[in-house]
Structures are given as C-alpha cells and as structure tokens.
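Enquirer: Numbering (the numbering used here), first residue to last: 518 to 648.
1) So is residue 536 buried or exposed if we call it buried at 16+ other beta carbons inside 10 Å?
2) Would you report the Cα separation of residue 524 and residue 531, rounded to the nearest angstrom?
3) Do you know offhand how far residue 534's Cα is from residue 632's?
4) Can you give me the C-alpha to C-alpha distance between residue 565 and residue 619, rounded to a whole angstrom?
5) Tell me residue 630's beta-bridge partners as DSSP assigns them.
6) Using three-state DSSP, classify residue 528 as helix, strand or coil.
7) Between the C-alpha atoms of residue 616 and residue 608, what's the straight-line distance to the nearest angstrom?
8) Just the Cα atoms here: how many angstroms apart are residue 572 and residue 559?
9) Can you list, in chain order, the residues of its chain with a C-beta nearer than 6 Å to that of residue 630? Leave out the 5 residues immediately preceding and following it.
Here is the structure:
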C-alpha cells in the first residue's frame, strides 16, 4: 500500500468499528445521546455500506434541513424572518451587517431568536459571524 492510502484506510476502519459499536449498543437511550449520528458519517463510509443505509431513508428531507425563508438586512422593509418549527414556535431571524475587520467584503451576524419552545432541552445557541 502507498503511504497516502494507509491513514485513510485506518481512519475508515476505526470509523466503521465505532459506528458498529454505537449501532449495536444494547441501550437505545445512549445511542440518542451520542453527538455523532449515522447520517453524519455516511459521506465517509464506503459505497457498499452507505448505499444500503441511504436506501432506507424515506426522502431527501430526512437528510437536509427545510428552507423556511430568507433573512435580510435591518434596512429592508420587512427586516426579519418568522417561522414555526416542530419543536420551536415564534422563531425570528435577522441579519446585522458590519465591517469590524475593515475588509472589502464586510461581514455580519445572523441572529436567531427562539421563543415558545416545547422543552428546555431543545434550546441551543447558534452564532455565526463573518468578517
């Protein structure tokens, strides 16, 4: 084997063993608490393993998030986006543009406000800032 293929094969073997151990766990509650889900590792699995798993998924919606709208700058007439989710109600998102770094492209902060959540365990903080 070449030197470049050896680390990749080792990584794939370790990943596969880890996934199998998680899937064969006797306690399904522990499987739900794991930070890595099977769908997260499908792209790195070999085709012979990932395709049968993909065939069990009902639709592309099971893999990807649903588009709910577009947030725009605060200068716009309708400056926020509002939507209702499965666990969250009265969600709001808006963009705040700035140029803190002084780059030619600028930057911004995407704010997401969640109200009326169904459980306190559903709340998590999302921050994404560019520039």
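Note that the Cβ used here is the ideal one computed from N, Cα and C, for glycine as well. Being a predicted model, the structure only gives us computed values, none of them experimental.
Expert: Working from what's here:
1) buried
2) Rounded to whole angstroms, residue 524 to residue 531 spans 11 Å at the Cα level.
3) A straight-line Cα-Cα distance of about 40 Å links residue 534 and residue 632.
4) 49 Å
5) 609
6) helix
7) 26 Å
8) 12 Å
9) 609
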